[in-house]
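Residue numbers (the working numbering): 44 to 125.
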């Protein structure tokens, strides 16, 4: 297995961000559908799914008492009660 580092994680997240931006540019907002679903609902589902993963990561951080990223601590009002 390859050692996972913060730099590797950051690079993979940036790749995912770039791919998502690329996909969002191809959504047919002018026709308002992706298959049978309105395009805005597709985007909303993607955002909800992202929030689900944030919750998973927050649980992991708390279970292992790992540092909470400052941006997440602010956005989600997270802190460890001593």
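For each residue, glycine too, the CB sits at the ideal point set by N, CA and C.
- Each residue's CA atom was taken as its position, placing residue 92 and residue 86 some 10 Å apart.
- The closest CA to that of residue 82, considering only 107, 46, 104, 67, is found on 67.
- With a beta-carbon spacing of about 6 Å, residue 121 and residue 115 fall inside the 8 Å limit used to define contacts.
- Remark: C-beta atoms of residue 111 and residue 100 do not approach each other more closely than 8 Å.
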